[in-house]
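Respectively, the protein sequence lines represent chains A and B.
If you read the first sequence in this note's numbering, its first letter stands for residue 397, the second for the next number, and so on.
If you read the second sequence in this note's numbering, its first letter stands for residue 874, the second for the next number, and so on.
Note that the Cβ used here is the ideal one computed from N, Cα and C, for glycine as well.
The model shown is predicted, which means the values in this text are computed figures rather than measured ones.
Below is one structure; the comments refer to it alone.
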Amino acid sequence: MKLTPVALLLSGLCAVSLAAHAQQAGEPVYREYTGYIDYGKSPKASDDARHTGTWEHWKDRAKLDEKRVASAEDQWTTNWKFMDPPFDGSLHGGHEAQDRGEELYKQLNANGRFATCLGAKRGDLKSLRLQYPQYNRTLKRVVGMEQMIEHCAQQQGMKLENGSYDNTAVSVYITAFSNGMPLKIDVTRGPLKDSFERGKKLFHTKAGWTNFSCATCHVSIVGRSLRGQTPTTHYGDIAHWPTYRTKDELQSLHVRFAECNRNAGVQPLKIGSQEYTDIEVFMTALSNDYPVAVPSARD
Amino acid sequence: MRKQLLGLCLALVGATPAMANDALPSNLLYDASRPNKTIWPLPAKNMGELKWNDHRQDLSRWPTLSYEDKRPTAKPRKVELQGPLNGDAENGKKIAMNTQRGNCWACHVLPGDPQGGTGGPPLMNVGSWGYTDAHLYQQVFDRRVANPDTFMPPYGSNGVLTEQEIRDVVAYLQSLK
């Protein structure tokens, strides 16, 4: 059985088509990544001191430097903490949302099951926010608190879509019971560790027409102006969410991710998607040790 | 023998999922029935459901962060500028200073824009830096060829600007003295 040149050529083509097939089946597709900074195994907000070096200017919300806050050039180094309580205690749409959240919560929890479903012990909302994101045994996946609010509300017969105003309002109401308490999620083991690793990778993955990653702005361009907008550090960002965006509405974290995506020319993903949840886990770990403060506002 | 091999090859090609590389992931904020396909959520007050806004362009054409997305990122591409530049500097300026097209001003200071970004070097007088048209054409087409870590978007490789539009932008850049 001698192979003719034509047969050889054909078998060569076969090999090529096999290789192409193998790539589709298992091998990773070609992607580019922004270089990782050293996050360590168990990150915390103060690690920012090693990266953008702005930590000292926002570590204590009560003692921000007024001059820095008012400075066009250096304001970004305060990581916008001047719009959080206690530095800014003025009334805004976030407080209105908190009241709406309380009203909805009382309706939802009339039989006590809503709080239990969310994981509150004996209906006590104190520190409930600190349990999230978590691996949830019922849903068999890592979830943020807003995803669980949607799920538990549904069990009480109410539709509170993740990302909607009412879902986010309930989130603000619950989160406020953890005011002053530092975020603390353990990403050193189990499903949260896997989620953290995936989120870290996603945060550095380039996509969209711009070929930008989240890190393009929040690491590479941090502190430089993008025509009037200056990206700040990605450390310490999660403790004031959900937040009230003064230019439009109450906003949940995943809706913010969708906004950053489209601003950067990247197709946004569904609110509550595993991808956004993994990024949430990654960013929450980077806010560990930083105290919760809601209702907050952001421009 | 030949027939057998050919048959095997066809079978293999057939086994390759036909649209696998182009299929859109299922978890995008995407609605085929809307004008620009890409949508974004608006948390309308006192509502338990989201409302949707249209984004200004269809972003689903480019790779996303979805785990389902098997479309590869465009690889860095070296290009040769063919023939004379023939660029329209006036149109190039419009592209450079349009947030939805070139959006060069997001990162570069250009004449007549006091707000210009500082992500990249100011290009106030880039026309006097002594660069050839071919060099500038490559930078706008895909700067990753010169600097793999650059964050300047690959306008040509990603199909954001056409070849003629890049020629126009280069003509504009060369006019900045």
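Open item on the list: Only counting the same chain, and skipping five residues up and downstream in sequence, which positions put a Cβ closer than 6 Å to that of residue 589/A?
Closed with: One-based indexing of the first sequence puts residue 589/A at position 193. If we look at residue 589/A and ignore the five residues flanking it on each side, its Cβ neighbours are 583.
Open item on the list: Given the structure, does residue 458/A come close to the ligand MN, in the sense that its CB is under 8 Å from one of the ligand's heavy atoms?
Closed with: Because no ligand of any kind appears in the structure shown, any question about the ligand MN cannot be addressed here.
Open item on the list: Which residue wins for smallest C-alpha separation from residue 550/A, given the options 527/A, 510/A, 614/A and 515/A?
Closed with: Numbered from its first residue, the first sequence carries residue 550/A at position 154. Measuring from the Cα of residue 550/A, the nearest candidate turns out to be 510/A.
Task: Length of the line joining the Cα atoms of residue 461/A and residue 479/A - done: As a first step, residue 461/A must be located in the first sequence, where it is residue number 65. As a first step, residue 479/A must be located in the first sequence, where it is residue number 83. Each residue's alpha carbon lies about 13 Å from the other.
Open item on the list: Taking 8 Å as the cut-off, does the region 984-991 of chain B touch the region 1029-1040 of chain B (at least 3 CB pairs, one atom from each stretch)?
Closed with: Contact fails: fewer than three Cβ-Cβ distances are below 8 Å.
Task: Whole-angstrom distance between residue 970/B and residue 419/A, CA atom to CA atom - done: Looking up residue 419/A in the first sequence gives position 23. Looking up residue 970/B in the second sequence gives position 97. Only weak support exists for where residue 419/A lies, its pLDDT of 46 falling under 50; the value from the coordinates is given anyway. Answer to the nearest angstrom: the Cα atoms are 40 Å apart.
Task: Within chain A, partners of residue 1007/B - CB distance below 9 Å - done: Residue mapping note: residue 1007/B aligns to position 134 of the second sequence, counting from 1. Those do not exist, as residue 1007/B stays about 22 Å from chain A at its closest Cβ, beyond 9 Å.
Task: Segments of 3+ residues assigned as beta strand (DSSP E) that fall wholly inside the region 591-644 of chain A - done: Entirely contained in the region 591-644 of chain A, the beta strand (DSSP E) runs reaching 3 residues are, in chain order, 639-641.
Open item on the list: Quick check: residue 902/B and residue 646/A, are their CB atoms within less than 9 Å of each other?
Closed with: The residue you call residue 902/B lines up with position 29 of the second sequence. The residue you call residue 646/A lines up with position 250 of the first sequence. Taking C-beta atoms as the reference points, residue 902/B and residue 646/A fail to come closer than 9 Å.
Open item on the list: Within 9 Å of any Cβ in chain A, is that where the Cβ of residue 1039/B sits?
Closed with: Taking the second sequence and counting its residues from 1, one reaches residue 1039/B at position 166. Contact with chain A is absent for residue 1039/B, since none of that chain's Cβ atoms lies less than 9 Å from the residue's Cβ.
Open item on the list: Quick test of the definition: if touching needs 3 or more C-beta pairs under 8 Å, does the region 929-939 of chain B touch the region 655-665 of chain A?
Closed with: Three or more pairs of CB atoms, one per stretch, sit closer than 8 Å, so the region 929-939 of chain B contacts the region 655-665 of chain A.
Task: Status (buried if at least 16 other CB within 10 Å, exposed otherwise) for residue 475/A - done: Along the first sequence, read from residue 1 onward, the residue named residue 475/A stands at position 79. Residue 475/A should be labelled buried.
Task: Residues near residue 439/A by beta carbon distance below 6 Å, same chain, minus five either side - done: As a working mapping, residue 439/A is identified with position 43 in the first sequence. These residues qualify, in order along the chain: 681 and 682.
Open item on the list: Just to confirm before moving on: does the CB-CB distance between residue 632/A and residue 472/A stay below 9 Å?
Closed with: Within the first sequence, the letter at position 236 stands for residue 632/A. Within the first sequence, the letter at position 76 stands for residue 472/A. Going by beta carbons, residue 632/A and residue 472/A fall outside the 9 Å limit.
Task: Residues within the region 547-558 of chain A neighbouring chain B, beta-carbon criterion of under 9 Å - done: Cβ contacts with chain B come from 549, 554, 555, 556, 557 and 558.
Open item on the list: Count Cβ pairs between the region 428-446 of chain A and the region 594-604 of chain A that sit closer than 8 Å; are there 3 or more?
Closed with: Judged by Cβ distances under 8 Å, the region 428-446 of chain A makes contact with the region 594-604 of chain A, as three or more pairs qualify.
Open item on the list: Any C-beta of chain A within less than 9 Å: which residues of the region 931-948 of chain B qualify?
Closed with: Within the region 931-948 of chain B, the qualifying residues are 931, 932, 933, 934, 935, 936, 937, 938, 939, 940, 942, 943, 944, 945, 946, 947 and 948.
- [ ] Report the neighbours of residue 604/A on chain B: residues whose CB is nearer than 8 Å to its CB, in chain order.
- [x] In the first sequence, counting from the first residue as 1, residue 604/A sits at position 208. Those within 8 Å of residue 604/A in chain B are 932, 935, 936 and 937.
Open item on the list: Quick check on residue 675/A: buried or exposed, where buried means 16 or more other Cβ atoms within 10 Å of its Cβ?
Closed with: Within the first sequence, the letter at position 279 stands for residue 675/A. Classification for residue 675/A: buried.
Task: Contact check, residue 601/A vs residue 457/A, beta carbons under 9 Å - done: Position 205 of the first sequence holds residue 601/A. Position 61 of the first sequence holds residue 457/A. No, the pair does not count as a contact, with Cβ atoms beyond the cut-off.
Open item on the list: Is there a C-beta anywhere in chain B that falls below 9 Å from the one on residue 657/A?
Closed with: Residue 657/A sits at position 261 when you count from the first residue of the first sequence. Among the residues facing chain B, residue 657/A is included, as its CB has a counterpart in that chain under 9 Å away.
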